[in-house]
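Colleague:
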Amino acid sequence: MTIAPEGRKMLRLEVRNAETPIEKKPAWIKTRVRNGPEYTELKNLVKSEGLHTVCQEAGCPNIFECWEDREATFLIGGEQCTRRCDFCQIDTGKPAPLDRDEPRRVAESVRTMGLRYATITGVARDDLPDGGAWLYAETVRKIHELNPETGVENLIPDFNAKPDLLAEVFESRPEVLAHNVETVPRIFKRIRPAFTYDRSLSVLTAARDFGLVTKSNLILGMGETPQEVSQALRDLHDAGCELITITQYLRPSPRHHPVERWVKPEEFVDFAAEAEQIGFSGVMSGPLVRSSYRAGRLYAQAQEARSAASTSRATA
Numbered sequence: 074m075t076i077a078p079e080g081r082k083m084l085r086l087e088v089r090n091a092e093t094p095i096e097k098k099p100a101w102i103k104t105r106v107r108n109g110p111e112y113t114e115l116k117n118l119v120k121s122e123g124l125h126t127v128c129q130e131a132g133c134p135n136i137f138e139c140w141e142d143r144e145a146t147f148l149i150g151g152e153q154c155t156r157r158c159d160f161c162q163i164d165t166g167k168p169a170p171l172d173r174d175e176p177r178r179v180a181e182s183v184r185t186m187g188l189r190y191a192t193i194t195g196v197a198r199d200d201l202p203d204g205g206a207w208l209y210a211e212t213v214r215k216i217h218e219l220n221p222e223t224g225v226e227n228l229i230p231d232f233n234a235k236p237d238l239l240a241e242v243f244e245s246r247p248e249v250l251a252h253n254v255e256t257v258p259r260i261f262k263r264i265r266p267a268f269t270y271d272r273s274l275s276v277l278t279a280a281r282d283f284g285l286v287t288k289s290n291l292i293l294g295m296g297e298t299p300q301e302v303s304q305a306l307r308d309l310h311d312a313g314c315e316l317i318t319i320t321q322y323l324r325p326s327p328r329h330h331p332v333e334r335w336v337k338p339e340e341f342v343d344f345a346a347e348a349e350q351i352g353f354s355g356v357m358s359g360p361l362v363r364s365s366y367r368a369g370r371l372y373a374q375a376q377e378a379r380s381a382a383s384t385s386r387a388t389a
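In terms of the working numbering, the sequence shown opens at residue 74 and continues consecutively.
#1: Given that a residue counts as buried once 16 or more other Cβ atoms are within 10 Å of its Cβ, and exposed if not, what is residue 198?
#2: Report the three-state DSSP secondary structure of residue 290 (helix, strand or coil).
#3: On the premise that residue 254 lies in contact with residue 215, defined as a C-beta separation below 8 Å, what is that separation, rounded to the nearest angstrom?
#4: Please work out which residues of its chain come closer than 8 Å, Cβ to Cβ, to residue 294, disregarding the five sequence neighbours upstream and downstream, and give them in chain order.
#5: Hey, would you say residue 145 sits closer than 8 Å to residue 208, going by beta carbons?
#6: For residue 186, name the three-state secondary structure that DSSP assigns.
#7: Does the contact criterion of 3 or more C-beta pairs under 8 Å hold for the stretch 107 to 114 versus the stretch 152 to 163?
#8: For residue 230, is the classification buried or exposed, using 16 other Cβ atoms within 10 angstroms of its Cβ as the cut-off for buried?
#9: Going by the DSSP bridge assignment, what does residue 226 pair with across the sheet?
#10: Could you give the first and the last residue of the continuous alpha helix (DSSP H) run that contains residue 276?
#11: From residue 356 to residue 249, what does the alpha carbon distance come to, in whole angstroms?
#12: In this structure, does DSSP put residue 74 in helix, strand or coil?
#13: Which residues share a DSSP beta bridge with residue 153?
#14: Got a sec, what are the start and stop residues for the alpha helix (DSSP H) residue 380 sits in?
#15: Contact check, residue 243 vs residue 283 under 8 Å by CB: the rounded distance?
#16: In three-state terms, what does DSSP make of residue 213?
#17: So, residue 130 versus residue 112, is the Cβ gap smaller than 8 Å?
Next up, the structure:
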């Protein structure tokens, strides 16, 4: 019997994945260390105060740039997810009981770090009656309460698209409501078996109908074709998605989905141009872009686009 790091028996899919060795990264998959003053100050502060961010603990390649902008990402809901996506490094299993004090602690971390923009993401909590909707909403509320000048992006699971659960999250009024589709319809079930493509699109539509700025992400290199990426971009825009990030899949471990293709930097430039032509308000596209990369800047672009559209309607 093959055992996963978290102590459970590995799935047959994971055993099959592990038959493919970890791929050698191409030369363009690299980052430059940029120790600017804001980054250095935040790094020292996080260490001295014992704070925890996804940026540091996941070894995000963009930490230097985001921290220089006073932006950071926090993971809520625990370290165990009730769902398993074939690209995700978060462990699957039975989560610990809900920590109802977590929203306050995250909000205090945001205040201590002096963040201009905070992204909140987390695990799926299908073990809870509300799927964790209260936790996501309360974290936004607490951050706004303690940090009224800080923008908040809420990157949520789909809550099975239940209207009452989505409404609770939407009513906390994050500056951006993000839900990541991640991949294209043809391989969606293989990559994200507990989600559905159409349901994810419906979450974005519901958020846009509520009046929130909407955002999603596509990960390339898991077996999709360029034509399928183009169609997914159109699907997302038609669903009401305003902001999009496009990134290269980096395999977390041998038991995760193998990298099917290393997408060249110039292809990311082409996809960015296509997304802008389709009508997205803001686009970040590149091999090392992550869904929270330069999130505050993307939000500013969405604000500008909405303001321009409002002015255009008023003068028409």
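Just so it is clear, CB atoms sit at the ideal spot from N, CA and C, and this is done for glycine as well.
Remember, it's a predicted structure, so these values are computed and weren't measured experimentally.
Modeller: Well, looking at it:
#1: As a position in the sequence shown, residue 198 is number 125, starting the count at 1. Under this definition residue 198 is a buried residue.
#2: Residue 290 sits at position 217 when you count from the first residue of the sequence shown. Residue 290: strand per DSSP, three-state reduction.
#3: Residue numbering aside, residue 215 sits at position 142 when the sequence shown is read from its first letter. Residue numbering aside, residue 254 sits at position 181 when the sequence shown is read from its first letter. Not a contact, Cβ separation roughly 28 Å.
#4: In the sequence shown, counting from the first residue as 1, residue 294 sits at position 221. Contacts found: 321, 322, 332, 333, 334, 335 and 336.
#5: Counting from one through the sequence shown, the residue named residue 145 turns up at place 72. Counting from one through the sequence shown, the residue named residue 208 turns up at place 135. Not a contact, by the Cβ cut-off of 8 Å.
#6: Position 113 of the sequence shown, counting from 1, holds the residue named residue 186. Residue 186: helix per DSSP, three-state reduction.
#7: no
#8: Taking the first residue of the sequence shown as position 1, residue 230 is located at position 157. Answer is buried; the Cβ neighbour count reaches 16.
#9: The residue labelled residue 226 in the question sits at position 153 within the sequence shown. Note: residue 226 sits in a beta bridge opposite 192 and 249.
#10: Indexing the sequence shown from 1 puts residue 276 at position 203. Element bounds for residue 276: 270 to 283.
#11: Locating residue 356 in the sequence shown gives position 283, counting from the first residue. Locating residue 249 in the sequence shown gives position 176, counting from the first residue. Rounded to whole angstroms, residue 356 to residue 249 spans 14 Å at the Cα level.
#12: Position 1 of the sequence shown, counting from 1, holds the residue named residue 74. Confidence at residue 74 is low in this model, with a pLDDT of 49, below 50, so its placement is unreliable and no value can be given for it.
#13: Position 80 of the sequence shown, counted from the first residue, corresponds to residue 153. Answer is 164.
#14: Taking the first residue of the sequence shown as 1, we reach residue 380 at position 307. Counting along the chain, the alpha helix (DSSP H) containing residue 380 begins and ends at 368 to 388.
#15: Against the sequence shown, residue 243 aligns to sequence position 170. Against the sequence shown, residue 283 aligns to sequence position 210. Indeed they touch by this definition, with Cβ atoms about 4 Å apart.
#16: What you label residue 213 is simply residue 140 of the sequence shown in a count that begins at 1. If DSSP states are grouped into helix, strand and coil, residue 213 belongs with the helices.
#17: Position 57 of the sequence shown, counting from 1, holds the residue named residue 130. Position 39 of the sequence shown, counting from 1, holds the residue named residue 112. Their beta carbons are not under 8 Å apart, which means residue 130 does not touch residue 112 by this criterion.
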